[in-house]
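Numbers 96 to 393, taken from the numbering used here, label the letters of the sequence shown in order. Report on the structure given below.
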Amino acid sequence: MTTIELHSVEAVQRALAAYRYVCDTSLATAIFLALKLPKPLLLEGEAGVGKTEVAKVLSQVLDTELIRLQCYEGLDVNHAVYEWNYPRQMLAIRLLEDQQVGWDTAMHEIFSEEFLIERPLLKAIRHRGKAPVLLIDEIDRADEEFEAFLLELLSDFQITIPEIGTIKAEHPPYVIITSNRTRELHDALKRRCLYHWIDYPSLEKEFEILRVKLPGIPERLALQVARFIQALRREDLYKLPGVAETLDWAAALLALNQSQLSVEIASATLGAILKHQEDLQHIRKKRLEELVMAATQE
Numbered sequence: 096m097t098t099i100e101l102h103s104v105e106a107v108q109r110a111l112a113a114y115r116y117v118c119d120t121s122l123a124t125a126i127f128l129a130l131k132l133p134k135p136l137l138l139e140g141e142a143g144v145g146k147t148e149v150a151k152v153l154s155q156v157l158d159t160e161l162i163r164l165q166c167y168e169g170l171d172v173n174h175a176v177y178e179w180n181y182p183r184q185m186l187a188i189r190l191l192e193d194q195q196v197g198w199d200t201a202m203h204e205i206f207s208e209e210f211l212i213e214r215p216l217l218k219a220i221r222h223r224g225k226a227p228v229l230l231i232d233e234i235d236r237a238d239e240e241f242e243a244f245l246l247e248l249l250s251d252f253q254i255t256i257p258e259i260g261t262i263k264a265e266h267p268p269y270v271i272i273t274s275n276r277t278r279e280l281h282d283a284l285k286r287r288c289l290y291h292w293i294d295y296p297s298l299e300k301e302f303e304i305l306r307v308k309l310p311g312i313p314e315r316l317a318l319q320v321a322r323f324i325q326a327l328r329r330e331d332l333y334k335l336p337g338v339a340e341t342l343d344w345a346a347a348l349l350a351l352n353q354s355q356l357s358v359e360i361a362s363a364t365l366g367a368i369l370k371h372q373e374d375l376q377h378i379r380k381k382r383l384e385e386l387v388m389a390a391t392q393e
């Protein structure tokens with residue numbers, strides 16, 4: 096598919112559905128506007144609700160490269176934008192010394208693009224051909240200083256390298272930024288983006304996601320899993336399960352040749368959903384039987 100075919104919100108929904116991403120109208124509208132305007136799209140929501148998957152599927156829909164920057168504490172320019180290939184530069188310096196090359200010529204040689212190592216942001220800016228999808232994943236994990244650095248990139252789609260100059264994107268990337276909201280992002284960043292909050296899905300949507308992502312799942316099992324997860328999210332847990340955990344659990348149940356939930360199999364596979372010992376103990380000891388009974392009630 097191409098961007099030309101994404102001529103409406105409905106077309107975006109159909110295109111994402113073709114790649115097995117269940118998308119409601121509000122999210123499809125945000126994606127359509129991000130492509131049409133174009134503007135970066137900031138997606139916030141709990142972990143595992145499908146934010147990163149939007150960028151992955153969008154790159155498939157647009158038939159273009161996905162360039163991903165995974166953010167973390169301490170992320171700096173050298174890992175996000177570019178760095179120089181110092182070993183090759185040192186070797187080049189020795190060769191230039193043997194050739195008795197002048198200082199200015201030597202500096203021009205060793206600080207040329209030949210010795211530049213592209214990191215995700217520079218790769219997205221220098222990308223040739225069809226505009227890529229740039230995924231800046233979990234921006235809330237990066238430091239505020241790095242968030243500030245992004246402002247030039249998101250405003251002008253250009254990067255300045257002191258030794259070379261300013262590099263401007265020939266075809267600005269489609270930018271998807273995700274955040275789990277572990278900290279509040281600055282207004283300056285948000286002003287440069289369209290914004291959408293991806294919430295936990297409704298029972299009907301989660302059931303649909305299970306059927307789309309796991310085509311072989313029995314309808315009864317899919318409904319029971321969706322009901323169980325929906326009820327589990329109403330419990331007082333340290334970490335609520337996301338859609339990713341729902342899919343993992345359903346896949347585990349299928350791998351064990353299960354066609355419906357039982358207390359025994361739910362207890363044995365609960366680690367596919369809950370990842371904290373306190374949550375596991377609370378559910379197994381106090382709530383599991385009741386949750387399974389409610390999920391399996393016809």
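Backbone N, C-alpha and C define an ideal beta-carbon position, used for all residues, glycine too. Computed from a predicted model, the values in this text were never measured in an experiment.
Beta-carbon proximity of residue i to residue j, cut-off 9 Å
| i | j | result |
| --- | --- | --- |
| residue 144 | residue 126 | no |
| residue 259 | residue 206 | yes |
| residue 273 | residue 137 | yes |
| residue 320 | residue 339 | no |
| residue 220 | residue 262 | yes |
| residue 117 | residue 303 | yes |
| residue 123 | residue 111 | yes |
| residue 299 | residue 324 | no |
| residue 228 | residue 128 | no |
| residue 152 | residue 109 | no |
| residue 209 | residue 337 | no |
| residue 230 | residue 147 | yes |
| residue 343 | residue 377 | no |
| residue 256 | residue 247 | no |
Beta-bridge pairing of residue i - partner residues as DSSP gives them
| i | result |
| --- | --- |
| residue 263 | 253 |
| residue 232 | 165 |
| residue 272 | 137, 231 |
| residue 212 | 178 |
| residue 292 | 139 |
Closest by C-alpha distance to residue i, when choosing among the options
| i | options | result |
| --- | --- | --- |
| residue 348 | 370, 328, 317 | 317 |
| residue 243 | 115, 283, 188, 214 | 283 |
| residue 139 | 295, 387, 320, 322 | 295 |
| residue 278 | 234, 255, 253 | 234 |
| residue 113 | 308, 281, 165 | 308 |
| residue 252 | 218, 297, 185 | 218 |
| residue 167 | 336, 275, 331, 281 | 275 |
| residue 328 | 360, 314, 343, 368 | 368 |
| residue 341 | 381, 393, 297 | 297 |
| residue 382 | 326, 293, 315, 120 | 326 |
| residue 393 | 371, 386, 315, 377 | 315 |
| residue 241 | 176, 102, 354, 192 | 176 |
| residue 222 | 150, 154, 352, 264 | 264 |
| residue 154 | 101, 322, 387 | 101 |
Neighbourhood of residue i by C-beta, 8 Å cutoff - its chain only, sequence neighbours within 5 removed
| i | result |
| --- | --- |
| residue 373 | 333 |
| residue 249 | 135, 270, 284, 287, 288 |
| residue 379 | 362, 365 |
| residue 174 | 214 |
| residue 238 | 168, 169, 170 |
| residue 105 | 123 |
| residue 281 | 239, 242, 243 |
| residue 371 | 332, 333, 334 |
Same chain, Cβ closer than 7 Å to residue i, five either side skipped, listed in chain order
| i | result |
| --- | --- |
| residue 226 | 159, 266, 267, 268, 269 |
| residue 312 | 305, 306, 345, 349 |
| residue 184 | 205, 210 |
Heavy atom of the ligand SAM within 8 Å of residue i beta-carbon
| i | result |
| --- | --- |
| residue 364 | For the ligand SAM, the structure offers nothing, since it holds no ligand at all. |
Neighbourhood of residue i by C-beta, 6 Å cutoff - its chain only, sequence neighbours within 5 removed
| i | result |
| --- | --- |
| residue 391 | 319, 356 |
| residue 165 | 232 |
| residue 384 | 358 |
| residue 212 | 178, 180 |
| residue 360 | 353 |
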